Structure formats: C-alpha cells, structure tokens
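Chains as they are written, first to last, in our numbering: chain A, 120 to 254; chain B, 120 to 254. The beta-carbon is built from N, C-alpha and C at its ideal position, and this holds for glycine as well. All figures in this text were calculated on a predicted structure; none of them were measured in a lab. Reading through the structure tokens given below for one structure.
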DNA sequence: TTTCTTGCAAAACATTTGCAAATCG
DNA sequence: CGATTTGCAAATGTTTTGCAAGAAA
C-alpha cells in the first residue's frame, strides 16, 4: 500500500522495538536494544528508519524535555506526562476542552492545527516512596 | 538580593538582548546580536549566562520544536504557539481549565507540577498571504 | 585570598549527510 | 537495470566542560 520503500529487516526490527517498549525509547535506547537482539545497525540507518517510520505514521516522534527525541508506537492522539522524580513518561488521553482551544485561537489569531502538551509531576509510585532525588 | 553571583557586564548584555527581543531568540541568535553590538563573548560564557539568568528566574528557557533552545524574557506563566508557515513564535496566555487538569491528575495518578504546551498553527499574517512555504 | 566568572578550546551528544556498496523489484 | 536502502565515517549544530587567567568581594 505504501508507495515508497518497504519494511526492511532493519525497519521492522526497529518498529518492533518501539512497539514493544512501554518507555518511549530514544534512538540510543533503540540501538542498545538492537544490540541485545544481535543486530548491529549503523547509527545512520537507525535514524533513517525512525524517520521513515515516523513519516509513515507507524510511530510518533516526541520531543519532551531532554535533548534526545523519544519514540512512541501509540499513534492515537495523546499527550505525555513526565515524572520529575524517576523520569518515567506516561500517556495522557484526556483531550483538551474545545472551548479552551477556541479561546486560544481567538486570543492569538492563529488557526490551530496541532498541539503538544508535556506535563510534569510526581508519579503514583514516587508519591509513595519518599525518595526525592532523580534516579 | 540574589545570594550568588551578580549581573556582570556579559550577563546584563545578554539579559538586555533577550528582554528587548520579541522573537524568542536562540543562543546563536543572542551571540549574533551581541556581535552587532560590538560584544564578542565566548560561546561558553553565553550558555553560562543564559543558564544563570534562567536559574535566577529572569528569563525562561523554551524547548519548542526545533533543536535549539529559545529564550523568553516573559517569565509569567504562559505557553507558546508556533506558526507552521513562517516559524514565528507567539505567546498564549489563556490558562488551561482547572477541571481538565484535575481529570488528567486522576487519569494518570500524577501530582501535576508543571505544564508546557506548544501549539502549532497558521498565524494571522500567514493566513492572509497565500504563501505556503516556510521562509 | 577566596570565590566567582570569563575565555578558549576541546569534548560530548544527537542527528544528518555523502558516497560507495549491497539489496530489492 | 534502476531505485531504494544500508553501512560507515565524517560533518554539523548545540551545549557542556576543563582549566588557566582575570575580576570581584
């Protein structure tokens, strides 16, 4: 169905890793996990593949707060929340109220096309444990 | 009042540039504008100063979608919207509805501490002009 | 003098690119 | 064959770091 290119071995392996991960891995994470599985793809190939998969809509690229992009196989519309204590990234599915978006469109004069929200907070597990350092 | 360090010449010059800018400059932008003003600070110094100013709460660091951080002298709580056609970054002041945040806290189990929202859309000027390329 | 800052250059990353070789259809 | 993709290494761009020299308290 897809016009150009195909799910090569490399792309499939990378898609599987992102799909099977629940922690929104970075490109480095992906490379690391590929190594564990015995694959040893070039950096360029991994980035190429991640871009390809993103362009095909099979995964999403997330720019959360760190330096490296993370990848997410859940492509449905959703947002993210990052734990400030343990660094975990979770999904947020509650959609923003339409009238708030309307208000913003009016305030700014923009025709809004897309939104990326990143929440920060303390996750349930970290609320319980009294640890207060990252890591 | 501030405990450590002070507003040195370099830091003041950089703060002035960020404060006087309406376009959320990147570190490179700042360095460029410093040069125009006859300053020629080291890269390290500019980054150090930006971090210092951020830590002091005098400016805010924004991680919008590009690669480089942008800096914003408006430190009041607000969000941003990026024009997908011309790349302009504007402010969004409409606060998210409290009950939506409550809903998210319930859904995720997190104690929300902070939010960063980035909207994308077409700005008023670009809506009018029929241009459809970036830049 | 003790502490903080600067300047400079090198290092550290994340990511992209160029090009030849390999692979796919 | 012709188009795409890979591997590799080098280049790019952003940001950090180490360290000696300079400025400030």
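- Interface criterion met: the Cβ of residue 215 of chain B is under 9 Å from a Cβ in chain A.
- Using a C-beta cut-off of 8 Å, the stretch 187-201 of chain B makes no contact with the stretch 195-205 of chain A, since fewer than three inter-stretch Cβ pairs fall below that distance.
- 182, 184, 200, 202, 203: these are the residues of the stretch 180-204 of chain A whose beta carbon lies less than 8 Å from some beta carbon of chain B, given in chain order.
- Of all C-beta pairs linking the stretch 170-178 of chain B to the stretch 206-220 of chain B, fewer than three are shorter than 8 Å, placing the two stretches out of contact.
- In chain order, 200, 209, 211 make up the part of chain A whose C-beta sits under 7 Å from the C-beta of residue 227 of chain B.
- Residue burial annotation: residue 130 of chain A is buried, with at least 16 other C-beta atoms found within 10 angstroms of its C-beta.
- Contact of residue 142 of chain A with chain B is not assigned, every C-beta pair being separated by 9 Å or more.
- Look at residue 229 of chain A here: in three-state DSSP terms it is coil, with no helix or strand label.
- For residue 240 of chain A, the C-beta contacts it makes with chain B under 7 Å involve 229, 230, 231, 232, in order along the chain.
- For a cut-off of 8 Å, the C-beta gap from residue 143 of chain B to residue 189 of chain B is around 4 Å, short enough to register as a contact.
- As DSSP reads the structure, residue 240 of chain A sits in a beta bridge with A:202, B:231.
- DSSP places residue 189 of chain B within a strand segment (E or B) once states are collapsed to three.
- Sequence-ordered contacts of the stretch 148-160 of chain B with chain A are nonexistent [C-beta pairs closer than 9 Å].
- Residue contact with chain A for residue 237 of chain B: present (Cβ-Cβ distance below 9 Å to some residue of chain A).
- A straight line joining the alpha-carbon of residue 183 of chain B with that of residue 238 of chain A spans about 14 Å.
- Residue burial is scored here from C-beta neighbours: residue 240 of chain B has at least 16 other C-beta atoms within 10 angstroms and is therefore classed as buried.
- Residue burial annotation: residue 168 of chain A is buried, with at least 16 other C-beta atoms found within 10 angstroms of its C-beta.
- Contact of residue 224 of chain A with chain B is assigned, a C-beta pair being separated by under 9 Å.
- For residue 147 of chain B, the CB contacts under 7 Å within the same chain, skipping 5 residues up- and downstream, are 187 in chain order.
- Per the DSSP secondary-structure output, residue 210 of chain B pairs in a beta bridge with B:199.
- In this structure, residue 150 of chain B and residue 128 of chain B do not form a Cβ contact; the two beta carbons are roughly 15 Å apart against a cut-off of 8 Å.
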